[in-house]
Amino acid sequence: MNAEAPCVQQEAGVLRVSGAIDAHNVAPVRAEGERLIKAANGNLAVALDGLSTAHSVILSMLLCWSRLAEKQGVSLSFTGAPDRLVSLAALSNLEDWLQSRP
Numbered sequence: 006m007n008a009e010a011p012c013v014q015q016e017a018g019v020l021r022v023s024g025a026i027d028a029h030n031v032a033p034v035r036a037e038g039e040r041l042i043k044a045a046n047g048n049l050a051v052a053l054d055g056l057s058t059a060h061s062v063i064l065s066m067l068l069c070w071s072r073l074a075e076k077q078g079v080s081l082s083f084t085g086a087p088d089r090l091v092s093l094a095a096l097s098n099l100e101d102w103l104q105s106r107p
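Now the structure itself:
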């Protein structure tokens, strides 16, 4: 299986998260997202439609980003979450949080 390498990039107020994120590669993606959030001003949308996997570590990463954004005074919203990720979020009663809109 040749999974797409995970990454997060910022473009015009949007953090685009893409690729196959799992427990083995989430740390550098989380760190890069945190760096981008610390450099941001105002609102950021996190676009999740480029994800090719749904894994609980993705939810953990997004929760960490949310806490950091709140501390930084940055408003974070999520768009395009894959159905499987929303289903995982529902197991922890996080589906409303994940499907928040700006």
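Offset between the sequence shown (1-based) and the numbering used here: plus 5.
Even glycine gets a Cβ: it sits at the ideal position worked out from N, Cα and C.
Keep in mind it's a predicted model, so treat the numbers as computed, not measured.
Counting C-beta neighbours from all protein chains within 10 Å, is the total for Arg72 16 or more, i.e. buried, or is it exposed?
One-based indexing of the sequence shown puts residue 72 at position 67. Classification of Arg72: exposed, given that the 10 Å Cβ count is below 16.
Measuring only the C-alpha atoms, how far is Ala94 from Gln104?
Along the sequence shown, one-based indexing puts residue 94 at 89. Along the sequence shown, one-based indexing puts residue 104 at 99. Computed Cα separation, rounded: 10 Å.
Quick one: Cα of Ser61 to Cα of Lys76, how far?
On the sequence shown, position 56 is the one that residue 61 refers to. On the sequence shown, position 71 is the one that residue 76 refers to. If you draw a straight line from the Cα of Ser61 to the Cα of Lys76, it is about 23 Å long.
When the distance is taken between beta carbons, is Leu90 closer than 8 Å to Val51?
For the purposes of this step, residue 51 is identified with residue 46 of the sequence shown, where counting begins at 1. For the purposes of this step, residue 90 is identified with residue 85 of the sequence shown, where counting begins at 1. Contact: no.
What are the boundary residues of the alpha helix (DSSP H) that Asp88 is part of?
Taking the sequence shown and counting its residues from 1, the one referred to as residue 88 is at position 83. For Asp88, the enclosing alpha helix (DSSP H) starts and ends at 88 to 96.
Can you have a look at Arg35 and say buried or exposed, based on whether 16 or more other CB atoms are within 10 angstroms of its CB?
Counting from one through the sequence shown, the residue named residue 35 turns up at place 30. Arg35 counts as buried, since at least 16 other C-beta atoms from the protein chains shown sit within 10 angstroms of its C-beta.
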